[in-house]
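**Student:** Residue numbering for the sequence shown follows full-length UniProt numbering, starting at 1 and increasing by one per position.
Heads up, the beta-carbon is just placed ideally off N, CA and C, and yes, glycines get one too.
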Amino acid sequence: MVSSIIESSNMFFDKFSSRVLLHTFITLAATVMLVFTSTYDFFLTQNCLEEYFVIPHL
1 MVSSIIESSN MFFDKFSSRV LLHTFITLAA TVMLVFTSTY DFFLTQNCLE EYFVIPHL
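(1) Rounded to whole angstroms, what's the CA-CA distance from Thr37 to Ser8? Just pull it up for me.
(2) What number of angstroms, rounded off, separates the C-alpha of Ala29 from the C-alpha of Leu21?
(3) Measure the C-alpha to C-alpha separation of Ser3 and Val35 and round it to an integer number of angstroms.
Right, dumping it as structure tokens:
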């Protein structure tokens with residue numbers, strides 16, 4: 001009886017931990033993608049602005 005309870009709790013914790021790890025990984029990947037795209041857009045707009053403002057002066 002006690003061993004079956006321990007086994008079920010272990011299974012629950014295994015599922016729970018794997019699910020938490022999965023959610024953490026997905027959140028981390030989404031955050032990295034968001035930061036990468038925002039910085040990429042920022043650098044892209046910075047370059048466009050630099051070209052836009054520098055070329056007329058030249």
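**Tutor:** In terms of the structure at hand:
(1) Between Thr37 and Ser8, the C-alpha separation is close to 43 Å.
(2) 12 Å
(3) 47 Å
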